[in-house]
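For what it's worth, numbering that gives the first Met the number 0 labels the leading residue of the sequence shown as 0, then goes sequentially.
Only one structure is covered here, and it is reproduced in the block below.
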Amino acid sequence: MTGSAEGVERLQALEARYAMPTYARAPVEFVRGQGCVLWDSEGREYLDLFSGLAVHNAGHCHPDVVAAVQDQVARIAGASNLYYSGPAMELHERLAELGLGGRSFLCNSGAEANECAIKLVRKHAHERGIERPEIVVLDHGFHGRTLAALAATTKLAREDLFGPLPEGFVGVPRDDPEALSAAVGERTAAVIVEPVQGEAGVHPIADAVLTAARAACDRSGALLVFDEIQTGMGRTGTFWAYQGTDVRPDVLTAGKALGGGLPVGACAIAPQLGEGLTLGEHGSTFAGGAIGSRAALAAIGVLSDPDLLADVGERGSLLAERCLEIPGVVDVRGRGLMLGLALGEGLDAREVARGALDAGLVVNAPNPATVRLLPPLVISEQEVVQGVDRLAEVVGGAVGARG
Ligand SMILES: *Cc1c(COP(=O)(O)O)cnc(C)c1O
């Protein structure tokens with residue numbers, strides 16, 4: 000059994016009665032975290048290879064993040080965007096220094112970052128005289144749950160339930176550079192790419208596709224947008240994933256780990272895009288709040304360290320190599336510490352994830368064929384080895400049960 004049986008049963012009863020049942024929750028309540036270790040309400044210890052879905056890249060309760068938040072929350076939480084906030088302006092500066100070099104808009108989630116990008120590229124298209132702009136997206140990409148972000152997420156957009164959805168999104172296969180080039184034309188405002196598709200089960204987009212997207216945008220005047228909400232903040236071994244490729248986007252969206260565990264998102268642009276969105280064109284009450292911005296600055300401080308980024312590459316290679324040696328794991332995809340383990344036939348990743356939880360290991364199953372690993376980037380070599388050993392036991396048990 001996992002978790003405090005009584006405690007979790009009470010939470011399940013509350014959920015069953017009062018919460019919209021939008022999530023498939025495992026029967027565990029985590030009540031404390033430190034680095035790569037989590038404790039549940041019964042005091043059981045777990046090794047975390049999931050980071051709350053690529054959020055706690057700096058590890059749980061990193062002292063710099065905790066200190067920044069504690070200090071700021073006792074000073075002032077914010078006074079609205081009608082006044083200045085030091086932390087927000089410094090966060091804009093850091094985002095420019097570490098990425099595309101231009102301006103940014105701060106927001107509160109990944110989906111909001113993509114909404115901002117979608118408005119921005121549509122405005123850019125209208126300024127080029129395109130009346131009905133189109134946005135090309137890759138199939139199986141994930142961009143969020145708000146209406147426009149959902150329309151950009153071709154596999155989840157449910158016209159039957161949520162229609163009419165915003166128009167103007169065109170899906171192309173994720174592995175076909177020619178199809179992508181052919182889809183980009185006079186009406187194209189932008190191509191949006193998730194450089195490593197996370198929710199789809201960790202599928203890196205081939206360099207040929209990224210290069211084709213860049214070339215098609217350059218030819219047509221469209222903008223290239225990278226959704227780095229999951230791949231950013233050091234996850235793939237460079238601060239942004241694009242820095243590990245030959246391609247530089249015009250627009251980059253960030254979220255998840257950006258806020259060091261707090262809800263912070265950003266849409267950042269290259270200098271040639273100038274001001275981006277201007278007065279009255281966009282805004283959000285909590286965006287750029289002082290506490291979130293302080294947390295983001297602290298997280299960025301931890302995750303932009305070149306030594307840490309080098310470690311991500313090394314630990315990622317070790318983790319990938321060791322996982323590939325586990326009988327039942329037939330392939331390992333991904334970059335850095337963003338890995339998808341493809342399981343052999345007859346194995347169910349959701350069962351593996353459940354079994355791992357029982358064995359004190361937190362992993363994720365984005366689909367029945369894939370175990371996804373997204374450990375905190377501060378993971379030690381010893382923790383990598385420990386995690387692989389535990390996972391091998393669980394997968395070994397499942398292989399045995401398969402017969
Ligand atoms: C999680 C995610 C989003 C959505 O972010 P939210 O904060 O959940 O709105 C968008 N794109 C990618 C690639 C993501 O992984």
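Glycine included, every Cβ here is placed at the ideal spot set by N, Cα and C.
Practice item. Identify whether Ser219 lies in helix, strand or coil by the three-state DSSP scheme. Key: helix
Check your understanding: Quick one: what's Thr252 bridged to in DSSP?
Key -> Asp226 and Cys266
Check your understanding: Shorter than 9 Å from the beta carbon of Gly291 to some beta carbon of chain C?
Key -> Among the chains in the structure shown there is no chain C, since it carries only a single protein chain.
**Study point:** Alpha-carbon to alpha-carbon, Asp138 and Ala170
**Key:** What sits at residue 170 in the sequence shown is Gly, not Ala. Near 5 Å, if we compare the C-alpha coordinates of Asp138 and Gly170.
Check your understanding: Taking the alpha carbon of Arg353 as the point to measure from, which residue in Gly345, Ala364 and Glu344 has its own alpha carbon closest?
Key -> Ala364
Review point. If you follow the beta strand (DSSP E) that Gln71 is part of, which residue opens it and which one closes it?
Key: Segment Pro62 to Val72 is the alpha helix (DSSP H) holding Gln71; no beta strand (DSSP E) there.
Check your understanding: With distances taken between CB atoms, is the gap from Leu52 to Ala265 smaller than 9 Å?
Key -> It is not a contact, given that the beta carbons lie outside the stated cut-off.
Review point. Phe285: beta carbon under 8 Å from a heavy atom of ligand 1?
Key: Relative to ligand 1, Phe285 has its C-beta separated by 8 Å or more from all heavy atoms.
Exercise for review: Check whether the Cβ of Asp226 sits closer than 8 Å to any heavy atom of ligand 1, and report yes or no.
Suggested key: yes
Check your understanding: Pick from Gln33, Leu179 and Arg314: whose alpha carbon is nearest that of Arg213?
Key -> Leu179
Point to revise | Proximal residues to His202 (C-beta, below 8 Å), its chain only, five neighbours per side dropped | key: His139, Arg173, Val195, Gln196, Arg332 and Gly339
Review point. By DSSP, does Leu278 sit in helix, in strand, or in coil?
Key: coil
Check your understanding: Roughly how many angstroms separate the alpha carbons of Glu274 and Glu5, rounded to a whole number?
Key -> 54 Å
Point to revise | Cβ-Cβ distance between Phe104 and Leu276 below 9 Å | key: yes
Check your understanding: Under 9 Å, do Leu164 and Ala150 count as touching if we go by C-beta distance?
Key -> yes
Exercise for review: Using three-state DSSP, classify Glu45 as helix, strand or coil.
Suggested key: Here the sequence assigns Tyr to residue 45, which means Glu is not the residue at that position. The answer is strand: DSSP assigns Tyr45 an E or B state.
Practice item. Identify, in the order they occur along the chain, each residue of the same chain with its Cβ nearer than 6 Å to the Cβ of Met0, setting aside the five sequence neighbours on each side. Key: Here the model assigns Met0 a pLDDT of 44, short of 50, so the residue's position is not dependable, and the following value carries that caveat. Counting only Cβ-Cβ distances below 6 Å, and skipping sequence neighbours, we find nothing.
Review point. Which same chain residues, not among the five before or five after Ala397, have their C-beta less than 8 Å away from its C-beta?
Key: Excluding sequence neighbours, Ala397 sits near Gly327, Leu346, Asp347, Glu350, Val351 and Gly354.
Exercise for review: Determine the DSSP secondary structure at Val362, reduced to helix, strand or coil.
Suggested key: Three-state DSSP puts Val362 in coil, outside helix and strand.
**Study point:** Simplified DSSP state of Ala15, which is helix, strand or coil
**Key:** helix
**Study point:** Exposure of Val393, with buried meaning 16 or more beta-carbon neighbours within 10 Å
**Key:** buried
Review point. Anyone know if the C-beta pair for Arg156 and Thr252 falls short of 9 Å?
Key: It is Ala, not Arg, that sits at residue 156 in the sequence shown. Not in contact: Ala156 and Thr252 (Cβ atoms no closer than 9 Å).
Check your understanding: At which residues does the beta strand (DSSP E) containing Gly339 begin and terminate?
Key -> Met337 to Leu342
Review point. Does at least one heavy atom of ligand 1 sit under 8 Å from the Cβ of Lys122?
Key: no
Point to revise | Cα-Cα separation between Arg102 and Lys118, rounded to whole angstroms | key: 15 Å
Review point. Should Thr252 be counted as a contact of ligand 1 given a C-beta to heavy atom distance under 8 Å?
Key: Yes, ligand 1 has a heavy atom inside 8 Å of this Cβ.
Check your understanding: Looking only at its own chain, which residues have a Cβ that is under 8 Å from the Cβ of Ala240, when we skip the five neighbours before and after it?
Key -> Pro194, Val195, Phe225, Glu227, Thr230, Gly231, Arg234 and Arg334
Point to revise | For Cys115, the residue or residues it bridges with in DSSP | key: Its beta-bridge partners do not exist; DSSP assigns none.
Point to revise | Helix, strand or coil at Ser103 according to DSSP, with G and I counted as helix | key: strand
Exercise for review: Following the continuous alpha helix (DSSP H) through Asp357, name the residue where it begins and the one where it ends.
Suggested key: Ala348 to Asp357
**Study point:** Chain-order list of residues whose beta-carbon lies under 8 Å from that of Glu89 (same chain, five-residue window excluded)
**Key:** Short of 8 Å from the beta carbon of Glu89, and not among the five residues preceding or following it, lie these beta carbons of its own chain, in chain order: Ser292 and Leu296.
**Study point:** Cα-Cα separation between Leu317 and Ala25, rounded to whole angstroms
**Key:** Distance between the alpha carbons of Leu317 and Ala25 is about 28 Å.
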